[in-house]
Amino acid sequence: MTDILTLREPVATFTEETPPASIVRGYWQSVFYRLRHDPITLGFGAIVALIVLAAVAAPLIAPFDPYAQSIIARLKPFGWRDHLLGTDELGRDMLSRLIYGGRVSLLMGVVPVVIAAMIGGILGVVGGFVGGRVNTAIMRTMDVFYAFPSVLLAVAIAGAMGGGIGNGMLTLTLVFVPPMCRVAETATTQIRALDFIEAARASGAGTLTIIRYHVLGNVLGPVLIYASSLVSVSILLASGLSFLGLGVRPPIPDWGLMLSTLRQSIYVVPLVCALPGVAIFITSICFNLVSDGLRAAMDVRM
Amino acid sequence: MDYRSSDGSTIDRHDQYDHGGPAPLLVARNLRKHFPVKGARGKAVRAVDGVSFTVAKGETLGIVGESGCGKSTLARLLLHLLVPDAGELIFGGEAVGAAGGIAVKTLRRQAQMVFQDSAASLNPRLPVRDSVAFGPFVQGSTKDEARAIARDILSRVGLDPDLFGPRYPHELSGGQKQRVNIARALAVKPRLLILDEPVSALDKSVEAQVLNLLRVLKRQLGLTLVFISHDLNVVRYVSRRVAVMYLGRIVEFGPVKAIFERPQHPYTQALLASRPSMDPARRIEMPPITGDPPNPIDPPAGCRFHPRCPFVEAICETADPALRVVEDGKAHFAACHLRDRALGRGRLADA
Amino acid sequence: MIRYILRRILYAVPIAFGVSIVCFALVYIAPGDPLETVLPPDATAATIAIVKHAYGFDKPLPVQYLIWLGHVVTGNFGTSIATGRPVILEVSDALANTALLALFAVPLAFVIGGTMGAVAGSFPGRWIDRAVTGIAVAGVSVPNYWLGIVLVIFFSVQYMLLPATGMGPNGSTGFRLLQWNSARFLVLPVITLAMIPIGILARTTRAAVAEMRNQDFVQTLRAKGLSEWAVTRHVLKNALPQILAVMGLQFGYLLGGSILVETVFTWPGSGFLLSKAIINRDVPVLQGTILILSLIFVATNLVVDLLQPLIDPRIRRG
């Protein structure tokens, strides 16, 4: 007795056809779709865009010259003689300095993250794909830097190299490479274990081709999510460094530096002195919320 | 003639396996692959421990065995996705990987594999047509040529290229995904197709359709198939010859009818007997196999099946049996002392 | 399990060495000569050579590292250029003050953040969840030194309730925890320091609780007829290992990363010591502080990892 159905003729057509979804959506298209329908993330993304726009258009929209000092106009409160947000300890207009300060803060927030994502990403993908001793060597080196609390590491490197905006960016890049590398390595290791990588190899593809066509696309997601969450951390760290005198040097307007120099004056015009921190806070929180929204949009299992 | 499956010289008579046809497409000789166990020095998982067989052009060789017998490792060895520790592969008359023989890259143009997990075999970020076109693209076609090949092969497996081409794997059913995998393997126009449990994860009705598709394609494209499965019925349906694997070795080998109707090795007999049947007269009351499932790290001494064999004798505990002819005139071999003609044994009464 | 402990400890050793190498190297990536602070600018070449030899700067770098390492292992971190006291004494005094802050800040963060997170996780999607998540995000987005300034503005400048800076009228040596006169100096720094851990713990707790509630065993408990409160207790018990791990890490992080808050409040802790050393280019203190603080962080991570099997039976496999 035969135990299975023996069909007499080969079947060329297939009777079960689950009709495919009517809208074809790839991974990235579905991410955009979800983002488009997420009002909170869109709203905060708009604020971020505004901040960026204000920083870029600073020369056009700032009412005063951010470097123009005035002895009589020192530490004035809100609204004093066209100074909407008052003046600082050297008589410079706060609003203008805040707008120009956004340039430095955004620069110090975004550039180190982008560079660290590239460097860390390459290291992580190489390590994760090659595996073995190479991977262990790379990850152990990263672990050494992981052993420092990031504030401490940033202060240590920046303190050792001296201040300045360039050194500050270099410091932050160094601080962010290990975590980016780890994220990329984890993602790559997970992908590498899947069958389609072996199938690609069975098709005759070389390592670089496989990485390019099969690995990068799948690793990009986690790396992007993590990098977006690092931007707000970078802004906080950068302004912290400036607060300690290890970042931007005066008279360049920078929010952290402004907080530091205005500290003595909190007994005179407390509200004015707190302003730069408000700017940092708002920028940081907006980036954070956008990053959370991005993660929610990208993290769906398909 | 004797055919020794472990150490010692191998007397290879192709006509013995070939039913008189031309040279076999694939010859595996003493393939061995051990995986060292982390931490325990000297111990290794002996996944494939001296496997030899041939595959004739145009036939379907079925390899059947339970989990852990080394089938999947063997499949990867055949495509050189894993490098064998010992033994050799001969494809189309040329040794693979050796100087003067055929390069691994060339092997991969002529032999392809379909994996078990249909979902994990496809890149979730690529549309189906790009996954299928990847093989030809890598092997030298331009992107347009590759896409055209993909369209053609997709329609051959019964998937409308316009409807399914731009889809992503997650939008397809299991059967459709597996058909995509078959298309992907066939896109580079191989001569040999190795299938590692291709229908195990599919519903029964879909399974039948995919098997029939394979039959059609094999005829249309002149393929040779190596079909690996744990499902005896499926293997019976597709194969011309069957090899039964146990703990990294082939224990029985022969034409499908002979294996299924006159199994000679006790393991094969137990496997066949353990299939549930709808016939109440064939109710099983005693389990066909007793004892613990095998551990490939520490295989038993002597015959590897002896702890679980209902007919075990003293010689089985000490000597490792080789594959020997058990049926006159037919190329039916089994590795069992109790079937060894040279020792004067005849056929035992079937259990 | 023993193997897990041994492996974990073994893993920490090369990390500690790596950390020491980085600390050693920090001084040498600095622009300028480490000797600048010790020598007058018009010193002759001969004087420079003598001082160089005395400090050992004329030997090759790996040798200098080994000599330095030898000193460090015996507890000799050098002498502060600014105060002349042994570095190890400076650091341990300062660390005690920072530990004081951390010991109050972390439990505070656990109580506030943990409660918030537990409540939010128990009612996912409702307004309380959104509110808590919003506060948590705010907590990790706020520049904590700015928060300190704001608190000072509010409590010290406007309303004169709490002191703005320092450790009290008697300084760090005369600090009496149980007297309000001293203890009131703790309040603002602790609150400020706790802000970020509150945010992190609220997020972690919420995620852990929300995830737990989706698991089948919670359904089973409800089906057995347990009250909602009892179910919540079970869920919290299961989520506790993760939360405690994060708490431990936060403690280590606060010990090492308190520099910003301490600068704002001129609290004489390890962070403040570090910022003074940077300004004064007090190299021995710089090296010693960074090394000790990062080693403490490594040790904290190690302790947290070692305690995990005790709290979380799933890891006991070893």
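Chains as they are written, first to last, in this note's numbering: chain A, 1 to 302; chain B, 303 to 653; chain C, 654 to 971. Glycine residues also receive a C-beta, built at the ideal position from the N, C-alpha and C atoms.
Mind reading off the beta-carbon distance from residue i to residue j? Whole number of angstroms is fine, and I expect it under 8 Å.
i, j, result
"leucine 409/B", "valine 398/B", "5 Å"
"isoleucine 530/B", "leucine 504/B", "About 15 Å separates the two Cβ atoms, so there is no contact after all."
"glycine 671/C", "valine 144/A", "3 Å"
"valine 546/B", "valine 366/B", "6 Å"
"glycine 102/A", "isoleucine 51/A", "6 Å"
My output table needs one value for residue i: the three-state DSSP class, helix, strand or coil.
i, result
"asparagine 867/C", "coil"
"arginine 74/A", "coil"
"alanine 664/B", "What is shown of chain B runs 303 to 653, which leaves residue 664/B out entirely."
"histidine 83/A", "strand"
"asparagine 797/C", "helix"
"phenylalanine 529/B", "strand"
"valine 290/A", "helix"
"glutamine 522/B", "helix"
"serine 443/B", "coil"
"asparagine 332/B", "strand"
"methionine 813/C", "coil"
"leucine 603/C", "Here chain C comprises residues numbered 654 to 971, so residue 603/C is not present and cannot be evaluated."
"valine 459/B", "coil"
"arginine 263/A", "helix"
"phenylalanine 635/B", "strand"
"methionine 580/B", "coil"
"alanine 156/A", "helix"
"valine 183/A", "helix"
Just the C-alpha distance for residue i and residue j, rounded to the nearest angstrom, thanks.
i, j, result
"threonine 885/C", "phenylalanine 838/C", "38 Å"
"lysine 445/B", "isoleucine 252/A", "53 Å"
"leucine 804/C", "arginine 866/C", "37 Å"
"valine 215/A", "isoleucine 191/A", "7 Å"
"alanine 654/B", "alanine 358/B", "What the structure shows of chain B is the stretch from 303 to 653, and residue 654/B is not part of that stretch, so it cannot be assessed."
"arginine 295/A", "glycine 168/A", "28 Å"
"arginine 641/B", "alanine 346/B", "31 Å"
"isoleucine 990/C", "threonine 953/C", "Nothing about residue 990/C can be reported from this structure: the residues present for chain C run from 654 to 971 only."
"glutamine 961/C", "glycine 163/A", "41 Å"
"serine 775/C", "alanine 791/C", "21 Å"
"glycine 120/A", "leucine 523/B", "47 Å"
"lysine 407/B", "glycine 204/A", "6 Å"
"lysine 340/B", "arginine 661/C", "18 Å"
"valine 248/A", "proline 112/A", "15 Å"
"leucine 582/B", "glutamate 563/B", "It should be pointed out that residue 582/B corresponds to proline in this sequence rather than to leucine. Rounded to the nearest angstrom, the two C-alpha atoms are 20 Å apart."
"glycine 909/C", "glycine 293/A", "31 Å"
"isoleucine 851/C", "phenylalanine 904/C", "12 Å"
"methionine 580/B", "proline 438/B", "47 Å"
"isoleucine 668/C", "arginine 469/B", "48 Å"
Should residue i go down as buried or exposed, given a rule of 16 or more other Cβ atoms within 10 Å for buried?
i, result
"lysine 506/B", "exposed"
"isoleucine 853/C", "buried"
"proline 715/C", "exposed"
"isoleucine 40/A", "exposed"
"valine 795/C", "buried"
"arginine 691/B", "No information on residue 691/B is available, as it lies outside the stretch 303 to 653 that chain B covers here."
"leucine 831/C", "exposed"
"tryptophan 882/C", "exposed"
"tryptophan 255/A", "buried"
"tyrosine 213/A", "buried"
"proline 59/A", "exposed"
Report yes if the C-beta of residue i is less than 6 Å from at least one heavy atom of the ligand GTP; otherwise report no.
i, result
"leucine 409/B", "Annotation note on the ligand GTP: not contained in the displayed structure, which lists no ligands."
So that I know if they touch, is there some Cβ in chain D lying closer than 7 Å to that of residue i?
i, result
"proline 270/A", "No chain D appears in the structure shown, which is made up of the protein chains A, B and C."
Any residues in the stretch 855-883 of chain C with a beta carbon nearer than 7 Å to a beta carbon of chain A? Which ones, in chain order? none
Please list, in chain order, the residues of the stretch 208-234 of chain A that have any C-beta partner in chain B closer than 8 Å. Thr209, Tyr213, His214, Gly217 and Asn218
With 8 Å as the C-beta to C-beta threshold (strictly closer), list the residues of the stretch 790-812 of chain C near chain A in chain order. Val790, Ala791, Val793, Ser794, Val795, Pro796, Tyr798, Trp799, Leu800, Ile802, Val803, Val805, Ile806, Val810 and Gln811
Short of 9 Å Cβ to Cβ, which residues in the stretch 602-630 of chain B face chain A? none
Residues of the stretch 370-385 of chain B with a CB closer than 7 Å to any CB of chain A: list them in chain order, please. Leu381 and Leu383
Chain-ordered residues of the stretch 39-63 of chain A with a beta carbon less than 8 Å from chain C: none
Residues of the stretch 411-424 of chain B whose Cβ lies closer than 7 Å to any Cβ of chain A, in chain order: Arg411, Gln414, Met415, Phe417, Asp419, Ala422, Ser423 and Leu424
Beta carbons nearer than 8 Å to chain A: which residues of the stretch 426-454 of chain B have them? Pro426, Arg427, Leu428, Pro429, Ser433, Phe436, Gly437, Val440 and Gln441
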